[in-house]
Amino acid sequence: MRYLLLGLAVLLLPARLVAGAAAQVVASSRLVETARQALLARLASSAGEAELSAIGAPEDVRVGPGTVSLNVRPVIGHWPRPRVGVPVDVLVDGHVARSTTVWFALSLHGRVLTYGGDFPIDTMASSVPMQLADVDVAALQDATVAEPAELEGMRLRKPAQAGAPVLKSDFERIPDVDRKQKVSVLVSYGAIRLATHGVANAMGNAGNMVPVLVDGADAPVQARVTEKGVVEVVQ
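Set out below in structure tokens:
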């Protein structure tokens with residue numbers, strides 16, 4: 107029996123050597139360069155100067171015999187961003203044999219609008235001076251404002267700091283009725299309509315219900331916003 111097993115091992119040895127020789131290695135450098143070229147192609151349509159550097163390197167990929175090709179899958183999620191993972195498929199004869207992710211650090215410098223000073227919450231956008239400055243837009247979490255005209259009828263929803271990029275998420279549209287705003291109050295009792303004034307306790311737009319403290323009343327009532335600065339109480 108011992109001699110029989112030894113003979114089988116000798117017979118199998120050449121087959122193993124052939125199988126090993128047929129294996130192919132896709133070098134890490136090839137994976138990185140393929141992913142890099144895909145990112146550079148995407149960045150070609152971006153305004154500004156891009157800097158791209160690989161973070162570490164993936165391992166070499168070993169696959170079986172056949173024609174090897176690489177396929178870069180789309181980068182999903184927020185773009186651009188400072189850390190980008192590029193998924194790369196290794197195909198053999200057109201079929202995915204292995205997949206890996208190549209990581210890059212990205213900076214993308216461009217001229218964007220920045221605040222010309224410090225401003226508190228609720229400041230009208232039209233009162234905020236802005237100026238162009240060089241910013242790494244890849245490090246930003248939200249979209250920037252391209253033109254001040256985009257902010258017409260809006261105000262700051264959080265404080266702004268001098269030199270910070272102007273982001274769309276920094277602003278909110280001014281509502282038809284604002285909190286603590288003096289409003290005109292229309293009161294309807296059937297066919298009878300009365301007009302008075304009050305103070306809104308919350309903000310809302312046309313069609314919304316907001317609590318309003320009518321002049322001379324002890325407690326607020328619910329009123330429907332009908333237009334800018336006007337609410338209606340229906341009895």
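The sequence shown begins at 107 in our numbering and counts up one residue at a time.
No residue lacks a Cβ here, since even glycine has one placed at the ideal position from N, Cα and C.
Of the residues assessed, Leu146 falls on the exposed side of the cut-off, its CB having fewer than 16 other CB atoms within 10 angstroms.
Closest by C-alpha distance to Ala323, out of Ala144, His303, Val316, Lys274, is His303.
Closest option to Pro180, judged by alpha-carbon separation, among Glu139, Val190, Gly172: Val190. Per DSSP, Val336 is one residue of the beta strand (DSSP E) stretching across 336 to 340.
The C-alpha of Leu300 lies about 24 Å from the C-alpha of Pro281.
With the rule of 3 Cβ pairs closer than 8 Å, the stretch 126 to 139 counts as touching the stretch 165 to 175.
DSSP places Glu278 in the uninterrupted beta strand (DSSP E) bounded by 277 to 279. Taking each of Gly335, Thr229, Ala252 in turn and checking the Cα distance to Ala239, the smallest one comes out for Ala252. Distance from the CA of Val241 to the CA of Gly269, rounded to the nearest whole angstrom, comes to 10 Å. Three or more beta-carbon pairs drawn from the stretch 285 to 292 and the stretch 303 to 322 are found closer than 8 Å, and the two stretches are therefore classed as touching. The straight-line gap separating the alpha-carbon atoms of Ala128 and Val198 is approximately 13 Å. Contact annotation, Val337 with Val318: C-beta distance approximately 6 Å; criterion of less than 8 Å satisfied.
Bounds of the alpha helix (DSSP H) holding Ala141 are 134 to 149. Counting only the Cα atoms, Val202 lies some 23 Å from Phe210.
Lys286 carries a coil assignment under DSSP once its states are collapsed to helix, strand and coil. At the C-beta level, Gly310 and Val272 stay beyond 8 Å of one another.
Between Ser275 and Asp248, the gap from beta carbon to beta carbon is short of 8 Å.
Rounded to whole angstroms, the separation of the alpha carbons of Arg285 and Ala312 is 14 Å. In this structure, Pro226 places its C-beta atom within 8 Å of the C-beta atom of Pro265. Distance from the Cα of Val138 is smallest, within the candidate group Leu149, Ile161, Arg148, for Ile161. Excluding its 5 nearest sequence neighbours in each direction, Gly223 has C-beta neighbours in its own chain below 7 Å: Pro235, Ala268, listed in chain order. According to the DSSP secondary-structure assignment, Trp185 is paired through a beta bridge with no residue. Positions of the beta strand (DSSP E) runs, each at least 3 residues long and wholly inside the stretch 215 to 289, are given as 236 to 242, 260 to 262, 277 to 279 in order along the chain.
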